[in-house]
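Reviewing the structure listed below.
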Amino acid sequence: MAARKNATQPKLTDYQDRLRAAGLRSTSPRVAVLRELESATSPLSHADLVDALGEEGYDRVTIYRNLTDLTEAGLVVRADLGDHVWRFELKREEKSHQGTHPHFTCTDCGTVACLPSESVRLTSTKGAPKSVAARSVDIQLRGLCDRCA
Numbered sequence: 012m013a014a015r016k017n018a019t020q021p022k023l024t025d026y027q028d029r030l031r032a033a034g035l036r037s038t039s040p041r042v043a044v045l046r047e048l049e050s051a052t053s054p055l056s057h058a059d060l061v062d063a064l065g066e067e068g069y070d071r072v073t074i075y076r077n078l079t080d081l082t083e084a085g086l087v088v089r090a091d092l093g094d095h096v097w098r099f100e101l102k103r104e105e106k107s108h109q110g111t112h113p114h115f116t117c118t119d120c121g122t123v124a125c126l127p128s129e130s131v132r133l134t135s136t137k138g139a140p141k142s143v144a145a146r147s148v149d150i151q152l153r154g155l156c157d158r159c160a
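All residue numbers for the sequence shown refer to our numbering, where the first residue is 12 and numbers rise by one.
Here is the structure:
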């Protein structure tokens, strides 16, 4: 399971306002998924969310449908980090977590961590696709995390 932030959580009305502003109805499963993603410090898989929210009475299908709705509404970002498992992150406004940012996956334990955009520099060179210069690429680094090294 992903690590959690210690910062104070937004209030229920904050989640409801965010959902309504995105054109979605505010339902308890949507709020629960947003709350869980808000507290995560790294991307969460569907299975991670099922584990976290199952005790609250939300089943796999409900969580999956809400992840799909939240992604389509632009509140959540979905990424495949090379292991064919979709992981989800709350689309955040703070500069350190804006837009596309690199991820690090441990090749031993499978832990996924978000990296600051500044941790990887892209330089467009002759022959590189234009998307490299536009930074419209997913950057995924693999190696041993500090615990497994």
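Glycine residues also receive a C-beta, built at the ideal position from the N, C-alpha and C atoms.
Cβ atoms of L64 and L101 stay farther apart than 8 Å, at about 15 Å.
Of the candidates E129, P127, L152, D91, L152 places its Cα closest to the Cα of T116. Within a 10 Å sphere around the beta-carbon of H95 sit fewer than 16 other beta-carbons, which makes this residue exposed. Here E83 is exposed: its Cβ has fewer than 16 other Cβ atoms, across all protein chains shown, within 10 Å.
For V88, the CB contacts under 6 Å within the same chain, skipping 5 residues up- and downstream, are E100, K102 in chain order. Apart from the 5 residues on each side of it in sequence, V131 sits with its Cβ closer than 7 Å to the Cβ of P113, I150 in its chain, given in chain order.
Within a 10 Å sphere around the beta-carbon of P127 sit fewer than 16 other beta-carbons, which makes this residue exposed.
Each residue's CA atom was taken as its position, placing G85 and T136 some 32 Å apart. The residue from T122, Y26, L55 with its alpha-carbon nearest to that of A90 is L55.
Counting other Cβ atoms within 10 Å of its Cβ, A58 stays below 16 and is therefore classed as exposed.
Residue pairing by DSSP puts G154 in a beta bridge opposite C117.
If only complete runs of 3 or more residues are kept, the stretch 56-99 shows the beta strand (DSSP E) at 87-91, in order along the chain. For L45, the three-state secondary structure derived from DSSP is helix.
Taken through DSSP and simplified to helix, strand or coil, L30 comes out as helix. In this structure, DSSP gives L101 an extended state, which the three-state scheme calls strand.
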